[in-house]
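Enquirer:
Number of protein chains: 2
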Amino acid sequence: MRSLDGMDDSIPRRPVPPTTVRRLSTYYRVLGTLQSNGQPSVSSETLASLTGFTAAQVRRDLAYFGSFGKRGVGYDVSSLQEQLAAILGIDRGWRIGLVGVGNLGRALMAYPGFNNQGFDVVAAFDSEGSVIGSTVNGQRVRPVGELEDAVHDERIDMVIVTVPAAAAQQVVDQAVAAGVRAILNFAPTQLRVPSQVQLSNVDLAVEVEYLSYSLAE
Amino acid sequence: MRSLDGMDDSIPRRPVPPTTVRRLSTYYRVLGTLQSNGQPSVSSETLASLTGFTAAQVRRDLAYFGSFGKRGVGYDVSSLQEQLAAILGIDRGWRIGLVGVGNLGRALMAYPGFNNQGFDVVAAFDSEGSVIGSTVNGQRVRPVGELEDAVHDERIDMVIVTVPAAAAQQVVDQAVAAGVRAILNFAPTQLRVPSQVQLSNVDLAVEVEYLSYSLAE
């Protein structure tokens, strides 16, 4: 269990819902904007209006991790931002391997939101002869057959899968066999992983469908 | 208000939480897989285990829209899939304009999850002279200055924004001025739209941060 300043580690924490963790990312992003605007503190009401959640939700989400704000003053922007970075593990410098250097893979390798937050793509892999050996965003693309060795040699913590759906399970099996504990899948297919491996799926169509629902209403 | 078979339109419906709508997308995707596997019916328990939600959640989400399952039999896979498509408006053939034909834009234009579900990218725009005029996924890329005219001429329902953060607000303002009611933003920045316009943001870093949280725990 992670220890934060002023928290008593002997008090067992309640399990944190995944949706709360995802909202922390959003708060963290907004705090970054506030900080670069030179704002020293922020209320839960303002955080709510900037993120589209409710003030009660903001307070409830943060309460899982301790007591951050001061009544009547609100939250100290830079201190809350630092603490959220620590909770999210953003301050640790994760090493990422990316498999599938197509358009989406290239977009993610160049995504400023990754590099700025300690997510370093340290190795990239593809199965296409025409892509292997080329340099993308400073990385020489390696054959996917080297994934397992690279996980050890490059101390890869996390694998991002941006291959076509039909190839995704095989890539995931290789990553799991090499001991990777966290996989982020963009391929539009359901993947199987052992229970000790954390798999997250990004479904790019969900938000388009949400807009479609809103338009259709 | 949308009318579904067997629903009484005179009964006012409860407001549907956005998270429920997003889970419908996931159920819809899983039902597609079940149908292509030839499975005629499915229980809420199976839907839950395939999506990672609880059976109670599945039943609660679907109950917003009517009563779909039969006790002891479960849900008819193809009928539920059709009804979810109708609820999500996926069966309507939305016309999409995409602004920003970089790697992410190209990935989305080629994304099978869009084209298969009635989301047609009918026009693509960029500000780069080297990209304008080139053909990407069957679309000739047009200068972004043509966006407003194209919204009318091509009857664009929805705009996807995949430009750099600094350029996003201007693109959104043009889309709004042209009468677009739904905008999907991938640029990592907060955008302002009038209240009658539905804006959804896709933050590609949220899921990486969720995995980071899991690893750090």
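Taken in sequence, the protein lines are chains A and B. Counting in this note's numbering, the first sequence runs from 1 upward without gaps. Counting in this note's numbering, the second sequence runs from 1001 upward without gaps. We treat Cβ as the ideally placed atom computed from N, Cα and C, and that holds for glycine.
Kindly say whether B:L1050, judged by its beta-carbon, lies nearer than 9 Å to any beta-carbon of chain A.
Expert: In the second sequence, the residue the question calls residue 1050 of chain B occupies position 50. Judged by the 9 Å Cβ criterion, B:L1050 is in contact with chain A.
Enquirer: Which same chain residues end up closer than 6 Å to A:T51 when comparing Cβ atoms and leaving out the 5 residues on each side of it in sequence?
Expert: Looking up residue 51 of chain A in the first sequence gives position 51. Excluding residues within five positions, the ones whose Cβ falls inside 6 Å are T26, V30.
Enquirer: What does the Cβ neighbour count give for A:S44, buried or exposed, with the cut at 16 atoms within 10 Å?
Expert: For the purposes of this step, residue 44 of chain A is taken as the residue at position 44 of the first sequence. Classification of A:S44: buried, given that the 10 Å Cβ count is 16 or more.
Enquirer: Could you pull out every residue in the same chain whose Cβ sits closer than 7 Å to the Cβ of B:A1107, ignoring the five residues on either side in sequence?
Expert: Counting from one through the second sequence, the residue named residue 1107 of chain B turns up at place 107. Correct list: empty, nothing qualifies.
Enquirer: Whole-angstrom Cβ separation of B:A1085 and A:Q117, contact assumed at under 8 Å?
Expert: Within the second sequence, numbered from 1, the residue matching residue 1085 of chain B stands at position 85. Within the first sequence, numbered from 1, the residue matching residue 117 of chain A stands at position 117. In fact, because the Cβ distance is near 37 Å, the residues do not count as touching under 8 Å.
Enquirer: By a C-beta neighbour count over all protein chains shown, 10 Å radius and 16 as the cutoff for buried, is A:A240 buried or exposed?
Expert: It is not possible to answer for residue 240 of chain A, since the shown part of chain A is limited to 1 through 217.
Enquirer: Three or more beta-carbon pairs under 8 Å between the stretch 173-189 of chain A and the stretch 152-160 of chain A, yes or no?
Expert: yes
Enquirer: State the start and end residues of the unbroken alpha helix (DSSP H) segment that holds A:N103.
Expert: Walking along the first sequence from the start, residue 103 of chain A turns up at place 103. Where A:N103 is concerned, the enclosing alpha helix (DSSP H) stretches over 103-109.
Enquirer: Taking only beta-carbon atoms, is B:P1194 less than 9 Å away from chain A?
Expert: On the second sequence, position 194 is the one that residue 1194 of chain B refers to. B:P1194 does not count as touching chain A.
Enquirer: In the stretch 1063-1076 of chain B, which residues sit with their C-beta less than 9 Å from some C-beta in chain A, listed in chain order?
Expert: none
Enquirer: To the nearest angstrom, report how far apart B:A1123 and A:A110 are at their CA atoms.
Expert: Numbered from its first residue, the second sequence carries residue 1123 of chain B at position 123. Numbered from its first residue, the first sequence carries residue 110 of chain A at position 110. So the two alpha carbons sit approximately 25 Å from each other.
Enquirer: For A:P164 versus A:G100, is the C-beta spacing smaller than 9 Å?
Expert: Position 164 of the first sequence, counted from the first residue, corresponds to residue 164 of chain A. Position 100 of the first sequence, counted from the first residue, corresponds to residue 100 of chain A. Using a Cβ distance threshold of 9 Å, A:P164 and A:G100 count as a contacting pair.
Enquirer: What are the boundary residues of the alpha helix (DSSP H) that includes B:V1206?
Expert: Reading the second sequence from its first residue, position 206 is the one you call residue 1206 of chain B. It spans 1205-1216 - the alpha helix (DSSP H) in which B:V1206 sits, taken as one unbroken run.
Enquirer: Given a cut-off of 9 Å, decide if A:E217 and B:R1022 are closer than it, judged by their beta-carbon atoms.
Expert: Your numbering for residue 1022 of chain B matches position 22 in the second sequence. Your numbering for residue 217 of chain A matches position 217 in the first sequence. Between B:R1022 and A:E217, the gap from beta carbon to beta carbon reaches 9 Å or more.
Enquirer: Does any residue of chain A have a CB that is nearer than 9 Å to the CB of B:R1014?
Expert: As a working mapping, residue 1014 of chain B is identified with position 14 in the second sequence. So no, B:R1014 is outside the interface.
Enquirer: Please report whether the beta-carbon of B:A1177 lies at a distance below 9 Å from any beta-carbon of chain A.
Expert: Stepping through the second sequence from its first residue, residue 1177 of chain B is reached at position 177. So, not an interface residue.
Enquirer: From what residue to what residue does the alpha helix (DSSP H) around A:I87 run?
Expert: Within the first sequence, numbered from 1, the residue matching residue 87 of chain A stands at position 87. First-last of the alpha helix (DSSP H) with A:I87: 77-88.
Enquirer: Run down chain A in chain order and give the residues with a C-beta less than 7 Å from the C-beta of B:T1033.
Expert: On the second sequence, position 33 is the one that residue 1033 of chain B refers to. What B:T1033 touches in chain A: Q190.
Enquirer: Check for me: the beta strand (DSSP E) holding A:S200 runs from which residue to which?
Expert: Against the first sequence, residue 200 of chain A aligns to sequence position 200. First-last of the beta strand (DSSP E) with A:S200: 198-201.
Enquirer: Taking Cβ positions only, does B:F1114 come closer than 9 Å to chain A?
Expert: The residue you call residue 1114 of chain B lines up with position 114 of the second sequence. Closer than 9 Å to some Cβ of chain A, the Cβ of B:F1114 qualifies, so yes.
Enquirer: Consult DSSP for A:P112 and reduce its assignment to one of helix, strand or coil.
Expert: In the first sequence, counting from the first residue as 1, residue 112 of chain A sits at position 112. Helix at A:P112.
Enquirer: Candidates A:R95, A:F114, A:T189: which alpha carbon is nearest A:D153's?
Expert: For the purposes of this step, residue 153 of chain A is taken as the residue at position 153 of the first sequence. For the residues A:R95, A:F114, A:T189, the minimum Cα distance to A:D153 belongs to A:R95.
Enquirer: Counting pairs of Cβ atoms below 8 Å between the stretch 123-136 of chain A and the stretch 1127-1144 of chain B, do you hit three or more?
Expert: no
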